[in-house]
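Take a look at the structure below.
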Amino acid sequence: MAQAKAGDSVQVHYTGRLTDGTVFDSSEGRDPLQFVVGSGMVIKGFDDAVEGMEIGESKTVHVPVEDAYGSASPDLIFEFDRQVIPDDIPLEVGTPLNMHQEGEAQVIPVIVRSVSETHVVLDANSPLAGHDLVFDIKLVGVN
């Protein structure tokens, strides 16, 4: 049987969970995830887990924070004077927003972390930063 190796295009079904069991993503009910092993298209721990698997093989893998999305960076947390944010933007804790840098076309996804009468704190870290992750993976194809 074919084993997945670096450079192979593979298809996998997966479920991703936090260590407390909370599911954050799954391919259930969708087409399998397709990526090239070793290309950096997925997080390192997921990539490493798939390499060497055989078609039809399933496994559960624990991915430590450093092989997942890394630690949350304080450099990606921004505090703004509430007055500079337009009134039509929802400012409830947990709300995802898109931040635009002046003069730049790039959009930065952020989450509202706190709101006071004078300031708003926005966090551009991945919601999965700072977390160890657990994946159930089934290799369904190798090209």
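Numbering (our numbering), first residue to last: 1424 to 1566. Where is the CB? At the ideal position from N, CA and C, for every residue including glycine. Since this is a predicted model, take the numbers as computed values, not measurements.
Runs of the beta strand (DSSP E) lying entirely within the region 1440-1526, each at least 3 residues long, are 1446-1449, 1456-1459, 1481-1486, 1500-1504 and 1519-1523 in chain order. With contacts defined as CB atoms closer than 8 Å, His1554 and Leu1456 fail to qualify as a contacting pair.
For Ser1537, the enclosing beta strand (DSSP E) has its first and last residue at Val1530 to Val1538. Contact check for Leu1562 and Val1473: beta-carbon distance about 6 Å, within the 8 Å limit, so the pair qualifies.
Here DSSP, grouped into helix, strand and coil, assigns His1554 to coil. Per the coordinates, the alpha-carbon of Val1488 lies some 32 Å from the alpha-carbon of Glu1525. In this structure, Gln1426 places its C-beta atom within 8 Å of the C-beta atom of Met1476. The residue among Gly1564, Val1557 and Ile1531 with its C-alpha nearest the C-alpha of Thr1445 is Val1557.
Annotation: Phe1503 to Pro1513 spans about 14 Å, alpha carbon to alpha carbon. Gly1430 and Gly1461 do touch by the CB rule: their CB atoms are close to 6 Å apart, below 8 Å.
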